[in-house]
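Trainee:
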Amino acid sequence: MSGLRIFVPGDAAAVAVGADAVADAIRIAAERSGIQLDMVRNGSRGLHWLEPMVEAATTKGRIAYGPVSAADAADILKAAAADGGAHQRRLGSPEELPFLKKQTRLTFARCGIVDPRSLDDYRAHGGYKGLARALTMPAAAVIEEVTQSGLRGRGGAGFPTGIKWKTVADTAADQKYIICNADEGDSGTFADRMIIEGDPFVLIEGMTIAGIAVGATQGYVYIRSEYPHAVAVLTDAITAARESGMLGKGVAGSVHAFDLEVRVGAGAYVCGEETALLDSLEGKRGMVRAKPPLPAHRGLFGKPTVINNVLSLATVPVILEKGAAFYRDFGIGKSRGTMPIQLAGNIRYPGLYETAFGVTLGELVEDIGGGTATGRPARAVQVGGPLGAYFPRALFNVPFDYEAFAKADGLIGHGGIVVFDDTVDMAKQARFAMEFCAVESCGKCTPCRIGSTRGVEVIDRIIADRDRAANTALLEDLCHTMKFGSLCALGGFTPYPVMSALTHFPEDFGAPPRLRAAE
Amino acid sequence: MPSYASWDAETARAIIVDRRALPGALLPILQALQDEFGYIDREAEPLIADILNLSRAEVHGVLTFYHDFRQKPAGRHVLKLCRAESCQARGSDALGRHAAATLGIDFGGTTADGSVTLEPVYCLGLCSVSPAAMFDGKVVGRLDENKLDMLLAETNR
Ligand SMILES: Cc1cc2nc3c(=O)[nH]c(=O)nc-3n(C[C@H](O)[C@H](O)[C@H](O)COP(=O)(O)O)c2cc1C
Ligand code: SF4
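For the record, the sequence lines run as chains A and B.
Residue 1 is where the first sequence starts when you use the numbering used here, and the numbers rise one by one after that.
Residue 1001 is where the second sequence starts when you use the numbering used here, and the numbers rise one by one after that.
1. By alpha-carbon positions, which one of A:112, A:359, A:452, A:485 ends up nearest to residue 95 of chain A?
2. Would you mind stating whether residue 204 of chain A and residue 262 of chain A have Cβ atoms separated by less than 8 Å?
3. Under 8 Å between the Cβ atoms of residue 82 of chain A and residue 29 of chain A?
4. Any heavy atom of ligand 2 within a distance shorter than 7 Å of the CB on residue 40 of chain A?
5. Looking at the secondary structure, which residues open and close the alpha helix (DSSP H) in which residue 1147 of chain B lies?
6. Residues of chain B with CB under 7 Å from residue 284 of chain A, in chain order?
7. Please report whether the beta-carbon of residue 1067 of chain B lies at a distance below 8 Å from any beta-carbon of chain A.
8. Out of A:357, A:84, A:492, which has the shortest C-alpha to C-alpha gap to residue 399 of chain A?
9. Could you pull out every residue in the same chain whose Cβ sits closer than 6 Å to the Cβ of residue 531 of chain A, ignoring the five residues on either side in sequence?
10. Within the same chain, show all residues whose beta-carbon is closer than 7 Å to that of residue 1108 of chain B, passing over the 5 residues directly before and after it, in chain order.
11. What does residue 1138 of chain B pair with, by DSSP beta-bridge criteria?
12. Locate the beta strand (DSSP E) running through residue 62 of chain A, then write down its first and last residues.
13. In this structure, what does DSSP give as the bridge partners for residue 335 of chain A?
14. Using beta carbons (cut-off 8 Å, strictly below), is residue 1071 of chain B in contact with chain A?
15. List, in chain order, every chain A residue whose beta-carbon is nearer than 9 Å to that of residue 1038 of chain B.
16. Checking contacts by CB at 8 Å: is residue 1092 of chain B closer than that to chain A?
17. Under a CB-based cut-off of 8 Å, is residue 269 of chain A close to chain B?
18. Using the Cα positions of residue 163 of chain A and residue 217 of chain A, report the straight-line distance between them to the nearest angstrom.
19. Evaluate residue 558 of chain A with the Cβ neighbour count: other Cβ atoms within 10 Å of its Cβ, from every protein chain shown; 16 or more gives buried, anything less gives exposed.
20. Hey, could you find the ends of the beta strand (DSSP E) residue 259 of chain A is sitting in?
21. Under 7 Å between beta-carbons, which chain B residues line up against residue 346 of chain A? List them in chain order, please.
22. Would you say residue 36 of chain A lies against chain B (beta-carbon separation less than 8 Å)?
23. According to DSSP, which residues form a beta bridge with residue 533 of chain A?
24. Decide if residue 384 of chain A is buried, meaning its Cβ has at least 16 other Cβ atoms within 10 Å, or exposed.
25. With hydrogens ignored, establish whether the beta-carbon of residue 1036 of chain B is closer than 7 Å to any heavy atom of ligand 1.
26. How would you call residue 253 of chain A, buried or exposed, if buried means at least 16 neighbouring beta carbons within 10 angstroms?
27. Quick one: using the 10 Å Cβ neighbour count with 16 as the cut-off for buried, is residue 1077 of chain B buried or exposed?
28. Using CA coordinates, which residue listed in A:213, A:434, A:475, A:497 is at the minimum distance from residue 135 of chain A?
29. Ignoring anything shorter than 3 residues or poking outside the region 126-161 of chain A, list the beta strand (DSSP E) runs there in chain order.
30. Which residues in the same chain have their Cβ closer than 7 Å to the Cβ of residue 401 of chain A, if we skip the five residues on either side of it in sequence?
31. Which first and last residues belong to the alpha helix (DSSP H) in which residue 1056 of chain B is found?
32. Rounded to whole angstroms, what's the CA-CA distance from residue 513 of chain A to residue 321 of chain A? Just pull it up for me.
33. Quick one, which of B:1052, B:1064, B:1085 has its alpha-carbon nearest residue 1024 of chain B's?
34. For residue 105 of chain A, would you say it is in contact with chain B, using Cβ-to-Cβ distances shorter than 8 Å as the test?
35. Go through its chain and collect everything with a Cβ distance to residue 519 of chain A's Cβ below 7 Å, but skip five positions before and after it.
36. Is any beta-carbon of chain B found at less than 8 Å from that of residue 193 of chain A?
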């Protein structure tokens, strides 16, 4: 130990609200007062309304202060140096803060705690135990463990991860690939970014396990260009893993080879779709491919490929470490384990909330999220990104579960929740959904490419009160065509936000309000 | 303020040759060229096509498909304002109008003096500190009119 250990998040959300300036100010203050400083730029704990949240290692464990400004730095340092002493920004032990205490952190167990660039720290906090166990098992047993855990793809479609892996494992080829989808384009989502910035080795470990299980020796992480901090942290972590023999030939002293490369996107939402992502990685336009063939059979450069979301892969180590049953015991129905839910938009306590499936939308918005930040009533909540439905308060009893959301004509997607207060204009939100689809369409199918542009025009006519009834019918028709005539979920799911806005908030489209009592 | 080299075919050739052997080399090449010059000069297209053994149309098709690539230099400063749902819920539409009005340009435009380019971005993953922006590559959260005016003031320098 060399001096006072202080944690100042290097997470992009913390940096966006001044964490770098706070770190600088603390360093300067330490120099002035002759305090030996051992500063860690950790990930974020996910209590984002408290960012920048600074922590100090004390004899009583970690003590947090937040939100901290550069002007507070000198005083906070003094308090921290007095073994986590008093200050008006003192929050006490972060683990005791209700928002964190009530969570079940499996995927995010280390995020915000460890030094994301330190492999030693990762190991000291239980890292690489999953890989160690996987290396003692036959590959088929590793895949079976993932299947038995009930883990489903966290990128949106919810496909069972173990089954995808098995398909790749069963396909013979001279080369196979593991691709991590870190394109995270949905508004209201940031869990992929947080885990990469806060605990990158867990992703590396998950991908390594995947590679060994299916017989792939090369992996790619496709990160969107909007995430420069994540790119930097992951690149450093990959180098560190390679230098200590955890990537490359003979991973962890085994006979297996596995290596990783980071590739950066170029600003196209559709490249998050797995086949468009393959095209993009191959250096082409990100055009969606028709399936079959499945990427698991013929993926990157025509080779069998596992494509998984960051969270799916980052959850694999804990499953291998603690066993399938441990993970499967959390959750409800066919939604097993935990989901890192992201609370965003107009919400009092925004941040990352990992919990077992089954929590209701209302609990998330009102109890955990504390209602809106503006203090006005929450009116609409979009779940699952730009292709997700808008939910009214009447549906706040829906539990967070893949099937329950599908039944309510929505989707949980990547677990993003965006809250709007009662000043929201739902016709405008529906228009935006169509506009977004028009901007981001890959252009392959007519219903998506042309339909979305028509959709914007039709909604404009409804807003302008021109022939409302006929145009509303036309909009419904258009949504139907897009839903059934599109190759991928961009065109196919844009009707979710549009139709949910129209169905639940007809008054914003100039129609009589829906009778809530009937629901 | 980011500073870029002015277009130079020899440097460009070296950048391309350096990366030609990467699997799926085209995107990393375009990104490296844009990092160097701030945009992708028209002259780069035949160079890339030649070295990677692609048609010029293929190169052009990729270049124009992705929102990130510029075919001409941006302003000296670039302000990317998030326009996606989470930021909308926190008033980004009004901030967007304010920025556009202050600068006297639309989204996608560059001020006449070349000092600043205003661009929309659809999510920076900073939704928990919405409204968010990226100014010359630096992330900014909990944006309000005040903070925005301060950023815009920097562009006069
Ligand atoms: C338009 C569109 C965008 C998508 N964006 C993402 C994304 O950013 N990240 C992601 O993991 N999956 C995204 N998906 C889902 C992927 O196609 C794919 O289902 C996923 O990467 C598979 O991984 P998983 O099984 O681990 O979820 C997107 C799908 C569509 C249609
Ligand atoms: S639905 Fe849209 S984005 Fe998807 S393949 Fe068709 S045109 Fe492309």
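Backbone N, C-alpha and C fix where the C-beta goes; we use that ideal spot for every residue, glycine too.
Mentor: On the basis of the coordinates in this document:
1. A:112
2. no
3. no
4. no
5. 1145-1154
6. 1062
7. yes
8. A:357
9. Examination of residue 531 of chain A is not possible in this model, given that chain A is present from 1 through 519 alone.
10. 1119
11. B:1135
12. 61-65
13. A:332
14. no
15. Going along chain A, no residue has its Cβ under 9 Å from residue 1038 of chain B, so there is no contact; the nearest lies around 15 Å.
16. no
17. yes
18. 19 Å
19. There is simply no residue 558 of chain A to check, as chain A begins at 1 and stops at 519 in what is shown.
20. 259-264
21. 1089, 1090
22. no
23. Lying before the first or after the last residue shown, residue 533 of chain A is absent from chain A, which here runs from 1 to 519.
24. buried
25. no
26. exposed
27. buried
28. A:213
29. none
30. 332, 333, 335, 357, 358
31. 1056-1065
32. 52 Å
33. B:1052
34. no
35. At residue 519 of chain A, the pLDDT of 41 sits below 50, so the modelled position is not reliable; the number obtained from the coordinates is stated separately. The residues are 394.
36. yes
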